[in-house]
Amino acid sequence: MLLTRFSAFGIALITTIVASYYLPGVWAVPLFVVGAILSTAGLYDLFQPLHSVRRNYPIIGRLRWFFEDIRPEIRQYLIEGDYDETPFSRSQRSLVYARSKNESSERAFGTQLDVYGNGYEFIGHSTRPAPPADPATFRVLIGGSDCTQPYSASIFNISAMSFGSLSANAIRALNLGAKMGNFAHDTGEGSISPYHREHGGDLIWELGSGYFGCRTADGNFDPDAFATKAADPQVKMIEIKLSQGAKPGHGGILPGSKVTEEISLTRGVPIAEDCISPPRHRAFSTPIEMMQFIALLRKLSGGKPVGFKLCIGQPWEFMGMVKAMRETSIFPDFIVIDGAEGGTGAAPLEFTDHLGTPMREGLLFVHNTLVGAGVRDKIKIGAAGKIVSAFDIAAAHALGADWVNAGRGFMFAIGCIQSLTCNTNRCPVGVATQDPMRQRALVVPEKADRVFHFHRNTLHALSEMIAAAGLQHPSDIGPHHLVRRVSPTEIRLFAQLHTFLVPGDLISGGEGNEFYRSSWSLARADSFDLAAPA
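For the sequence shown, the residue numbers in this note's numbering are 5 to 538.
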């Protein structure tokens, strides 16, 4: 055992000694240099106090860190199965790559999914399929009665990803692709950068708790700065970010190493200092004040659609917002549901794994609450959370969504290889980095084409899929069209699996559903706190 532990160190010492005897022979010089370097490393390993493995296994113990460093790549390229989701499976990534390159995404020899495994889902097709509709018609008009500049949005758009988290070239490629395909690009809470404006694609301006791009020196909301930016015709909608799926309740984090002069000017924060969004907004502190803030933003923007995004947490808080809508008669034009499975950047492990409601449950809850409160017809709903395929879009619509957003899907389209290094500034393909040498790898015109093709081909696939079910538009998809296997011998429609409230159920005093009734009774319009027990 002793020989095994110190064999590499011993060989290095012997090589050094033997090679030194034959110096300055041509063959002896490189052997001596290599042996001396390894011997020095071995001596250091023997006496360093930090790593027990290296003290017991000098030189060879260093292999542990080498294999740990390359473990993600070895797993992804050699070991991972096509349907192992970590967090996106090879099959999902391959689908995006094929569609973004305008290549065929067809598969031969049947499905590789276990159609008899629990959780398998499918759409029931019709004996009278409809002619496939033009995907260009897959749009939704967003804007309520108080909105004077409604926006006709694609039902598939780019989710919130900030400049700073993503590189300048990544933002350019995404926005140019959105311009080519006539769909929307959410800015993320990092505000509107020059790279968002360069190609003129439609923008959804996300306003986080840091109020980047419209903040005072002390970090409060600046209405004048907001009005100036919101008046830009390129800005189509305003989205207040309450929380995000990856780290709900935590606030955004941009490491100081990524805060360049450009980001400093875009966001209005100091250069090279960590840019941290507070976990809560300062502009409002109650549901009623939140609705008043929405009305203010709608007025300052000249009547553009204003809504908010959140990952559902405590149900009575969202229900308090709905009660405030009814009490003030101020309604957001839209609500975007971000799922806990989302996240294009980095977040604390416990937040990523164990905080927030998954997208489907959050989406259904919001849809049901708005229906039960009798206000669903006044508000459009968007959804985001691991959406990359036509079936993902269909499933979201079946649970109440009017449109969907995708973040990581479009990152794959511009070259992301899921290296899981988004927070290190060392993205190998130039997507999530501010290193100018790394982001030069991302060629904007070529990647913009891929964004355009991914969007177009995905909606084309959706058109064919719903046509097989006898439908013409994604808005026609209902919970009775989708099916899930719940056991090896039983399948159920989504309509049978999930609770769906009827209009006005929460305010009529009817029996309804116990979860919704009890949560509604705890909600307050004047506070995010729990209502006092009856």
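For every residue, glycine included, the Cβ atom is placed at its ideal position computed from N, Cα and C.
Spatially closest choice to residue i from the options, by CA coordinates
{"i": "residue 335", "options": "146, 49 and 260", "result": "146"}
{"i": "residue 321", "options": "456, 504 and 529", "result": "529"}
{"i": "residue 343", "options": "377, 386 and 134", "result": "386"}
{"i": "residue 248", "options": "313, 524, 293 and 51", "result": "313"}
{"i": "residue 157", "options": "240, 356 and 425", "result": "240"}
{"i": "residue 262", "options": "520, 42, 437 and 479", "result": "437"}
{"i": "residue 307", "options": "116, 525 and 235", "result": "235"}
{"i": "residue 271", "options": "194, 305 and 208", "result": "194"}
{"i": "residue 461", "options": "36, 370, 394 and 368", "result": "394"}
{"i": "residue 50", "options": "415, 63, 17 and 451", "result": "63"}
{"i": "residue 16", "options": "91, 46 and 510", "result": "46"}
{"i": "residue 10", "options": "203, 24, 171 and 42", "result": "42"}
{"i": "residue 264", "options": "509, 171, 122 and 536", "result": "171"}
{"i": "residue 318", "options": "372, 295 and 359", "result": "359"}
{"i": "residue 474", "options": "76, 31, 53 and 135", "result": "135"}
{"i": "residue 288", "options": "246, 254, 280 and 274", "result": "246"}
{"i": "residue 168", "options": "434, 494 and 26", "result": "434"}
{"i": "residue 410", "options": "536, 213, 383 and 389", "result": "389"}
Cα-Cα separation, residue i to residue j
{"i": "residue 141", "j": "residue 83", "result": "42 Å"}
{"i": "residue 125", "j": "residue 345", "result": "18 Å"}
{"i": "residue 238", "j": "residue 428", "result": "32 Å"}
{"i": "residue 352", "j": "residue 259", "result": "14 Å"}
{"i": "residue 542", "j": "residue 66", "result": "Lying before the first or after the last residue shown, residue 542 is absent from the chain, which here runs from 5 to 538."}
{"i": "residue 119", "j": "residue 491", "result": "11 Å"}
{"i": "residue 303", "j": "residue 163", "result": "25 Å"}
{"i": "residue 199", "j": "residue 100", "result": "24 Å"}
{"i": "residue 181", "j": "residue 453", "result": "6 Å"}
{"i": "residue 48", "j": "residue 28", "result": "27 Å"}
{"i": "residue 226", "j": "residue 298", "result": "14 Å"}
{"i": "residue 268", "j": "residue 197", "result": "10 Å"}
{"i": "residue 556", "j": "residue 277", "result": "Outside the modelled stretch of the chain, which goes from 5 to 538, sits residue 556, for which no answer is possible."}
{"i": "residue 105", "j": "residue 457", "result": "7 Å"}
{"i": "residue 250", "j": "residue 176", "result": "24 Å"}
{"i": "residue 291", "j": "residue 316", "result": "15 Å"}
{"i": "residue 39", "j": "residue 56", "result": "23 Å"}
{"i": "residue 174", "j": "residue 443", "result": "8 Å"}
{"i": "residue 413", "j": "residue 331", "result": "39 Å"}
Residue i classed as buried or exposed, judged by whether at least 16 other C-beta atoms fall within 10 angstroms
{"i": "residue 484", "result": "exposed"}
{"i": "residue 221", "result": "exposed"}
{"i": "residue 70", "result": "exposed"}
{"i": "residue 21", "result": "exposed"}
{"i": "residue 86", "result": "exposed"}
{"i": "residue 357", "result": "exposed"}
{"i": "residue 441", "result": "exposed"}
{"i": "residue 519", "result": "exposed"}
{"i": "residue 501", "result": "exposed"}
{"i": "residue 78", "result": "exposed"}
{"i": "residue 107", "result": "exposed"}
{"i": "residue 391", "result": "buried"}
{"i": "residue 112", "result": "exposed"}
{"i": "residue 1", "result": "Here the chain has residues from 5 to 538 only, and residue 1 is not among them."}
{"i": "residue 424", "result": "exposed"}
{"i": "residue 373", "result": "buried"}
{"i": "residue 131", "result": "exposed"}
{"i": "residue 166", "result": "buried"}
Extent of the continuous alpha helix (DSSP H) run through residue i
{"i": "residue 295", "result": "291-304"}
{"i": "residue 183", "result": "172-185"}
{"i": "residue 50", "result": "32-51"}
{"i": "residue 27", "result": "Unbroken run through residue 27: none, as it is neither H nor E."}
{"i": "residue 67", "result": "67-78"}
{"i": "residue 529", "result": "Counting along the chain, residue 529 falls outside any alpha helix (DSSP H), and DSSP gives it neither H nor E."}
{"i": "residue 81", "result": "Looking at the DSSP string, residue 81 is not in any alpha helix (DSSP H), and its letter there is neither H nor E."}
{"i": "residue 60", "result": "56-60"}
{"i": "residue 319", "result": "319-332"}
{"i": "residue 284", "result": "Element bounds for residue 284: n/a, residue is neither H nor E."}
{"i": "residue 198", "result": "198-201"}
Start and end residues, beta strand (DSSP E) containing residue i
{"i": "residue 311", "result": "310-314"}
{"i": "residue 496", "result": "494-497"}
{"i": "residue 105", "result": "No beta strand (DSSP E) holds residue 105; DSSP gives it neither H nor E."}
{"i": "residue 342", "result": "338-342"}
{"i": "residue 143", "result": "143-146"}
{"i": "residue 160", "result": "160-162"}
(request) For the segment 433-492, list the alpha helix (DSSP H) runs that are entirely contained and at least 4 residues long, ordered along the chain. (result) 440-443 and 448-472
(message) Just to confirm the assignment: which complete beta strand (DSSP E) runs, minimum length 3, are found wholly within the segment 344-383?
(response) none
(message) At 4 residues or longer, what runs of the alpha helix (DSSP H) sit wholly inside the segment 87-140?
(response) 94-104
(request) Scan the segment 207-282 and note each continuous alpha helix (DSSP H) run of 4 residues or more that stays entirely inside, going in chain order. (result) 227-234 and 265-271
(request) Tell me the start and end of each unbroken alpha helix (DSSP H) in the segment 393-434 that is at least 4 residues and wholly inside, in chain order. (result) 394-402 and 412-417
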